[in-house]
Amino acid sequence: MLTYQTILNLRKLALKSRLNPDIDDYVEKCYRHYSKTYATPLDQAKSNLTVPEVMLVYMQDELENLEKDELELFKEKLYPNSGPILSMPVAEKNEDELALEDNAWVAQQEALLRDKEEKDKKNQDDIVKKTHEAIESLTKNLNATMKKNS
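The sequence shown: position 48 = 88 (my numbering), numbered continuously.
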């Protein structure tokens with residue numbers, strides 16, 4: 041059974057994620073969007089899609105409804121200096137260097153995902169522990185009240 045304080049704390053977390061979202065809130069928003077839009081259970085979306093995949097889907101869906109002029113404005117914001125850069129030559133990389141960079145990026149993303157999963161597991165364990173403690177406390181209080189009344 042949830043306590044009133046737990047409900048207030050959950051409401052505070054929801055408000056915080058809405059007013060001051062961080063990257064974890066954005067990723068969660070992407071997963072929820074995917075789950076709702078593609079009729080997929082949230083836990084299944086999280087287990088089947090990596091963070092970059094679900095973010096890309098969300099971003100593509102977000103851009104899908106924009107008109108051409110809105111897309112151009114978005115592009116200008118994304119690429120503010122889209123003119124040619126004359127002062128620096130572009131260094132070309134061979135396929136091996138690009139593959140190494142890709143592998144490093146994938147490894148980094150996998151490490152970030154593992155860290156997030158560990159953090160989520162710890163948070164989930166904390167919630168279970170606090171819930172168990174609250175239940176034990178309520179049970180003790182109920183037993184004490186029942187003893188007083190009998």
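We put the CB at the ideal spot given by N, CA and C, even for glycine. The structure presented is a predicted model; accordingly, all values stated were derived computationally and were not measured.
Go ahead and pull the three-state DSSP assignment for residue i.
{"i": "ALA144", "result": "helix"}
{"i": "ASP166", "result": "helix"}
{"i": "TYR78", "result": "coil"}
{"i": "LEU152", "result": "helix"}
{"i": "SER190", "result": "coil"}
{"i": "ASN121", "result": "coil"}
{"i": "ASN134", "result": "coil"}
{"i": "THR43", "result": "coil"}
How would you label residue i, buried or exposed, when you count the other beta carbons within 10 angstroms and need 16 or more for buried?
{"i": "VAL146", "result": "exposed"}
{"i": "TYR78", "result": "exposed"}
{"i": "ALA85", "result": "buried"}
{"i": "TYR44", "result": "exposed"}
{"i": "MET186", "result": "exposed"}
{"i": "TYR119", "result": "exposed"}
{"i": "LEU94", "result": "Per the sequence shown, the amino acid found at residue 94 is Val instead of Leu. By the neighbour-count rule (16 or more Cβ atoms within 10 Å), VAL94 is buried."}
{"i": "VAL168", "result": "exposed"}
Of the choices the options, whose alpha-carbon is the least far from that of residue i?
{"i": "GLN100", "options": "TYR119, SER87, ASN88, HIS73", "result": "HIS73"}
{"i": "THR90", "options": "ASN183, GLU157, LEU106", "result": "GLU157"}
{"i": "MET41", "options": "LYS115, ASN60, GLU173, ASN121", "result": "GLU173"}
{"i": "ARG154", "options": "ASP62, SER87, TYR66", "result": "SER87"}
{"i": "PRO92", "options": "ASN105, ASN121, TYR71", "result": "TYR71"}
{"i": "ASP83", "options": "ASP160, LYS117, GLU116", "result": "ASP160"}
{"i": "GLU68", "options": "GLN164, LYS117, GLU107, TYR98", "result": "TYR98"}
{"i": "ILE47", "options": "ASN105, LYS188, GLU102, THR171", "result": "THR171"}
Tell me, please, whether the region 49-64 touches the region 170-189 by the rule of three or more beta-carbon pairs shorter than 8 Å.
no
Taking only runs of the beta strand (DSSP E) that begin and end inside the region 46-117, which ones reach a length of at least 3 residues, in chain order?
none
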